[in-house]
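Chains as they are written, first to last, in the working numbering: chain A, 1293 to 1421; chain B, 1293 to 1421.
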């Protein structure tokens, strides 16, 4: 499923998926929605941590928290349409996007996204056991 | 004035300065006072920035601000008595410590601290012109 050539992102690529202009619009909107939710969550958590700052160590914990979130967001939110199936599958698995926010995509894309989400979910279940 | 052998801190060392136990106590107290002021300032600025967070870029600006402050504090607050003259001279030059907070040190130490503060001040004046 994942392209064999090495890729610097964390998803690899799916070179044969075509997105119509209408689907690209839906994808862009869903992507922007999930990214906005993610950033709002980081903003809230940053305020909460800054507010409860008591010890110097709290400052550097906040720094580390922000560094990790920036790296995770850079990794997870890859806007290229060649990896959108994987990005959306991953966001759905994590509860950061709902399937109905992607309705109007073609059935085969929704199916691939769902299957990738299930695949990711089965991997994370294995890690937990 | 600065020790010729290379040193990994930003001050070098002054190997021939002896600190009496009483002077070490004064130095520790002044050091802790300046460090607490510095950290309180970073805590305040962090709260202010977290509070006014509007854009995602503000989050990563805050991260960069914290990284820089951590590195600067690690560099400036060197607790070894072999470099205390330089540390105190530097803190006085920056207005982070007042000379009277070091009174009761021996006159020669106060004089060295003052001269190092003046030396630093003349350097920064040159950079500004």
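Heads up, the beta-carbon is just placed ideally off N, CA and C, and yes, glycines get one too.
Along the stretch 1311 to 1344 of chain A, the positions whose C-beta sits under 8 Å from a C-beta of chain B are 1331, 1334, 1335, 1338, 1339, 1341, 1342 and 1343, read in chain order.
With respect to the C-alpha of residue 1322 of chain A, the residue from A:1377, A:1356 and A:1355 having the closest C-alpha is A:1377. With fewer than three CB-CB distances shorter than 8 Å, the stretch 1388 to 1405 of chain A does not count as touching the stretch 1383 to 1400 of chain B. Under the Cβ criterion of 8 Å, residue 1394 of chain A is not counted among the residues facing chain B. Contact between residue 1393 of chain A and residue 1325 of chain A holds, since their C-beta atoms are separated by about 6 Å, short of 8 Å. Annotation: the continuous alpha helix (DSSP H) that includes residue 1320 of chain A extends over 1313 to 1343.
As DSSP reads the structure, residue 1395 of chain B sits in a beta bridge with B:1397. In the displayed model, residue 1390 of chain A falls within coil according to three-state DSSP, outside both helix and strand. Contact between residue 1338 of chain B and residue 1351 of chain B fails: their C-beta atoms lie close to 12 Å from each other, not under 8 Å. Closer than 7 Å at the C-beta level to chain B, one finds these residues of the stretch 1355 to 1366 of chain A: 1355, 1358, 1359 and 1362. The C-alpha of residue 1413 of chain B lies about 18 Å from the C-alpha of residue 1364 of chain B. Measuring C-alpha to C-alpha distances from residue 1334 of chain A to each of A:1310, A:1348, A:1356 and A:1346 identifies A:1356 as the nearest.
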